[in-house]
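The next block holds one structure in the form of C-alpha cells; read it before the comments.
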Amino acid sequence: MASTSQPAMATAGSGHGDEQVQRQATWPEEADGGSQPLVMPEDGYQWKKYGQKFIKNIQKIRSYFRCRDRRCGAKKKVEWQPGDPSLRVVYDGAHQHGSPSSSSSHGGGGGQDGDGNRYELSAQYFGGGAPTPQAR
DNA sequence: ATAGTTTGACCGCGA
DNA sequence: GTCGCGGTCAAACTA
Numbered sequence: 001m002a003s004t005s006q007p008a009m010a011t012a013g014s015g016h017g018d019e020q021v022q023r024q025a026t027w028p029e030e031a032d033g034g035s036q037p038l039v040m041p042e043d044g045y046q047w048k049k050y051g052q053k054f055i056k057n058i059q060k061i062r063s064y065f066r067c068r069d070r071r072c073g074a075k076k077k078v079e080w081q082p083g084d085p086s087l088r089v090v091y092d093g094a095h096q097h098g099s100p101s102s103s104s105s106h107g108g109g110g111g112q113d114g115d116g117n118r119y120e121l122s123a124q125y126f127g128g129g130a131p132t133p134q135a136r
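Mapping the first sequence onto the UniProt record's numbering, position 63 (from 1) lands on 63, and the numbers just tick up by one.
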C-alpha cells in the first residue's frame, strides 16, 4: 500500500512518488492479453474477494471469495499454482438464496427464498482440467 | 458516490 | 510455552 500517494514518504526523502505499475496480476500469468484471460468459473453467483494468500504448504496462491449476500454463508476458495493456468475452486457452505437472478447483473431479486438450493456443496473440487487430474 | 478490489496486519489453532 | 500456518478483517485505491 502506500504506493501512490499519501505522505508517508516524509521521512527522508527518497522521493519519487511515482509508481504506475499497479500490479493487476491477480490471476495466473495471462500469457497474452488477448485470448481471454482465465475467467473465473462463474457458478451463477456473485462473489466478493476478501483476501488472498500464498499457501506454502501446497505452494499455491489461494484467494478467498464470499457470497455477496450476507445471509448467504456460502464461501469459495480459489487456488492456483503460480505458472499454471489451472484453477482449483473449493466451495464451502451452500447458498441460501436462489441464483442472482437472472439478469446478468444484479438483479435482484429473483429467486430469493422459496427454494434453497439443495446442492450441499461441502467442499467440491473443480479441477481446471489441466494438470490437475482429480486422480480419481 | 458506489462497488469492488488489493495489501497488510491480527488472531486462533495445532504441533 | 513457542512458532508457524491459515483465515479473516480493515483500510485504501481504482474503475
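Think of the CB as a built atom: it goes at the ideal place given N, C-alpha and C, for glycine as much as any other residue.
Asked: How would you call R71, buried or exposed, if buried means at least 16 neighbouring beta carbons within 10 angstroms?; Found: exposed
Asked: Taking all protein chains shown into account, do 16 or more other C-beta atoms lie within 10 angstroms of the C-beta of Y45, making it buried, or fewer, making it exposed?; Found: buried
Asked: Identify the continuous beta strand (DSSP E) that holds D84 and give its terminal residues.; Found: Looking at the DSSP string, D84 is not in any beta strand (DSSP E), and its letter there is neither H nor E.
Asked: Using C-beta distances below 7 Å, list every residue in its chain close to K60, excluding the 5 sequence neighbours before and after it, in chain order.; Found: E79, W80 and Q81
Asked: Once you ignore the five residues that flank G93 on each side, which residues in its own chain have a CB closer than 7 Å to its CB?; Found: G73, A74 and K75
Asked: Work out the CA separation of K49 and R88 for me, nearest whole Å.; Found: 15 Å
Asked: Distance, Cα to Cα, R68 vs V90?; Found: 17 Å
Asked: Look at the alpha carbon of K56 and the alpha carbon of F65, and state the distance between them as a whole number of angstroms.; Found: 19 Å
Asked: CB-CB under 7 Å to F54, same chain, minus the five flanking residues each way: which ones, in chain order?; Found: I61
Asked: Return the CA-CA distance between G83 and S63, expressed in angstroms with no decimal places.; Found: 15 Å
Asked: Provide the residue span of the beta strand (DSSP E) that contains Q59, from first to last.; Found: Where Q59 is concerned, there is no enclosing beta strand (DSSP E), given that its DSSP letter is neither H nor E.
Asked: Work out the CA separation of K77 and G51 for me, nearest whole Å.; Found: 10 Å
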